[in-house]
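These protein sequence lines are chains A and B, in that order.
Taking the working numbering, the leading residue of the first sequence gets 1, the next gets one more, and so forth.
Taking the working numbering, the leading residue of the second sequence gets 1001, the next gets one more, and so forth.
Structure, as structure tokens:
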Amino acid sequence: EAQVTQNPRYLITVTGKKLTVTCSQNMNHEYMSWYRQDPGLGLRQIYYSMNVEVTDKGDVPEGYKVSRKEKRNFPLILESPSPNQTSLYFCASERGNEQFFGPGTRLTVL
Amino acid sequence: GNSVTQMEGPVTLSEEAFLTINCTYTATGYPSLFWYVQYPGEGLQLLLKATKADDKGSNKGFEATYRKETTSFHLEKGSVQVSDSAVYFCALGVGGNTPLVFGKGTRLSVIA
Chain A
1 EAQVTQNPRY
11 LITVTGKKLT
21 VTCSQNMNHE
31 YMSWYRQDPG
41 LGLRQIYYSM
51 NVEVTDKGDV
61 PEGYKVSRKE
71 KRNFPLILES
81 PSPNQTSLYF
91 CASERGNEQF
101 FGPGTRLTVL
Chain B
1001 GNSVTQMEGP
1011 VTLSEEAFLT
1021 INCTYTATGY
1031 PSLFWYVQYP
1041 GEGLQLLLKA
1051 TKADDKGSNK
1061 GFEATYRKET
1071 TSFHLEKGSV
1081 QVSDSAVYFC
1091 ALGVGGNTPL
1101 VFGKGTRLSV
1111 IA
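Laid out in structure tokens, this is it:
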């Protein structure tokens, strides 16, 4: 089954404790991206990647890092999380302008 | 720049009512237009799309027509069901290296 998977689905952590949210897709898509979804703000893109070893900032990249060492994986890294990064995060892969979204990761930073 | 504006929610309707969710856009060039749906606890999934002016996208009883003259892509359904309760996002894409631009989403609640 074609899909985008994310782990973990839920995470509660404390300020400053590094964390990684994994994302994997099995559709061989070159384009992948990370979004955060916040009430009243809709979806905002954090980072995107057009291919292996090619990443670029989206609209709200501050406080986040990504890497793209393999085509299928696109992890999101928070080196020092802060409470304003409490949000719902989605990974997506894309082909031909159609995006396929993961199920989301709800992150709470205390 | 490119942008999408969709009507504020929430929208609450009774089952079998007619639904319209307005979406207008601003874009350079000739974008493709999309509606995505997010059911509770899930990620977004593509509902329908249209890639050129006057195209009509349709799926699951939903329809939207790409209107270049009014820069609109309104979502409609003739008879909503409780299972249509979700958040709906309008989006545009111009291709190339430019990411999709999403509206802020409209929450629809359908009551029996």
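By construction, the Cβ of each residue, glycine as well, lies at the ideal position given by its N, Cα and C atoms.
Go through its chain and collect everything with a Cβ distance to A/LEU43's Cβ below 6 Å, but skip five positions before and after it.
As a first step, residue 43 of chain A must be located in the first sequence, where it is residue number 43. For A/LEU43, where only same-chain residues beyond five positions count, the Cβ hits under 6 Å are TYR35 and GLN37.
When Cβ atoms are compared, which residues of the region 69-90 of chain A fall closer than 8 Å to chain B?
PHE90
Is B/ASP1084 helix, strand or coil by DSSP? Mapped onto the second sequence, residue 1084 of chain B falls at position 84. The answer is helix: DSSP assigns B/ASP1084 an H, G or I state.
Quiz prompt | Beta carbon of A/ASN97 nearer than 8 Å to that of B/GLY1029 | solution = Numbered from its first residue, the first sequence carries residue 97 of chain A at position 97. Numbered from its first residue, the second sequence carries residue 1029 of chain B at position 29. For A/ASN97 and B/GLY1029, no; Cβs fall outside 8 Å.
### Contained beta strand (DSSP E) runs [length at least 3] in the region 1038-1092 of chain B, N- to C-terminal order
1044-1050, 1056-1059, 1062-1065 and 1075-1077
At a CB distance below 9 Å, what residues from the region 1032-1055 of chain B approach chain A? Give them in sequence order.
SER1032, PHE1034, TYR1036, GLN1038, GLY1041, GLU1042, GLY1043, LEU1044, GLN1045, LEU1046, LYS1049 and THR1051
Exercise for review: Measure how close the beta-carbons of A/SER82 and A/THR15 come, nearest whole angstrom, since I'm counting them as under 8 Å.
Suggested key: Residue mapping note: residue 82 of chain A aligns to position 82 of the first sequence, counting from 1. Residue mapping note: residue 15 of chain A aligns to position 15 of the first sequence, counting from 1. Contact flag correct, Cβ pair sits at about 6 Å.
Same chain, Cβ closer than 8 Å to B/ASP1054, neighbours up to 5 away in sequence not counted | Within the second sequence, numbered from 1, the residue matching residue 1054 of chain B stands at position 54. Contacts found: THR1065, TYR1066, ARG1067 and LYS1068.
Excluding the 5 residues preceding and the 5 following B/ASN1002 in the sequence, name in chain order all residues of the same chain whose CB lies nearer than 8 Å to its CB.
-> Position 2 of the second sequence, counted from the first residue, corresponds to residue 1002 of chain B. Excluding positions up to five away in sequence, the list reads TYR1025, THR1026, ALA1027, THR1028, PRO1031, LEU1092, VAL1094, THR1098 and VAL1101.
Three-state class that DSSP yields for A/ASN97 in the structure shown: To locate residue 97 of chain A, count along the first sequence from 1; it is residue 97. Here A/ASN97 sits in coil by DSSP.
Review point. Quick one: what does DSSP say B/ASN1002 is sitting in, helix, strand or coil?
Key: The residue labelled residue 1002 of chain B in the question sits at position 2 within the second sequence. It is coil, neither helix nor strand.
* Touch check for the region 45-58 of chain A and the region 100-110 of chain A: three-plus C-beta pairs under 8 Å? -> no
- Could you check what DSSP says for A/GLN37 in three-state terms: helix, strand or coil? Stepping through the first sequence from its first residue, residue 37 of chain A is reached at position 37. Residue state, collapsed to three classes: strand.
Nearest by alpha-carbon distance to B/ALA1050: which of B/LYS1104, B/TYR1036 and B/GLU1042 is it? Reading the second sequence from its first residue, position 50 is the one you call residue 1050 of chain B. Of the candidates B/LYS1104, B/TYR1036 and B/GLU1042, the one whose C-alpha sits nearest the C-alpha of B/ALA1050 is B/TYR1036.
Original post:
Can you round the beta-carbon distance between A/ALA92 and A/SER33 to whole angstroms, since I take them to be within the 8 Å contact cut?
Top reply: For the purposes of this step, residue 92 of chain A is taken as residue 92 along the first sequence, with counting starting at 1. For the purposes of this step, residue 33 of chain A is taken as residue 33 along the first sequence, with counting starting at 1. Correct: roughly 5 Å between the Cβ atoms.
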